[in-house]
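Residues 1 to 163 (my numbering) are what the sequence shown spells out, left to right.
Glycine is no exception: its CB is placed at the ideal position from the N, C-alpha and C atoms.
A short worksheet on the structure shown next.
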Amino acid sequence: MDERDQESLSSGGHELASEVGERVRSIISAAEAAANAVRHEAEQTAQVRRRVAEEEARRIVEDAKADADAFLAERVRRISELSDAVVERAETIVSRLDRAEEVRRQLQEMADALGESAEQLASEVRAVPAPDVAISPPTAAPEDSAPATPPVTVSAVEPPALE
């Protein structure tokens, strides 16, 4: 081969290398563009998924808040019912205590009146003279008979009439 052939091969090789280099650059550029497109699409998909997840999380939180509010309202209602029942029972007990105090006062008055009546009766009984009791003197008993008990005479006195 001669120089011309070599030059033509070398200039043809150079053109070929240039063409191959240009094709490689074009492929790399296309790959970078495709990679950028995939990256952009992945970012958009990630943003959509993030928004969906945020919306789902917000909905779950709102549902939990609503459940908690309903539970709290039910508890407040139940505590209010129980409080009302406790207050009602306390009022019943207080009214019973008031009535018990009245009954205790009445019983005390009755006991006082009975005590006064007993004292009055005792005074009246003391004021009545003692009954006459006649005791006959002992008589001598024969030695062979048992001793005789003396006869006792009691005159009956009627108790005073009670008012």
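Per DSSP, what kind of secondary structure is Val128 in: helix, strand or coil? coil
Going straight from the alpha carbon of Val152 to that of Leu107, what length do you get? Here the model assigns Val152 a pLDDT of 48, short of 50, so the residue's position is not dependable and the matter cannot be decided.
Roughly how many angstroms lie between the CA atoms of Ser83 and Arg75, to the nearest whole one? 12 Å
Taking the alpha-carbon positions, what's the Ala100 to Asp112 distance? 18 Å
Local conformation of Glu15 per DSSP, three classes: helix
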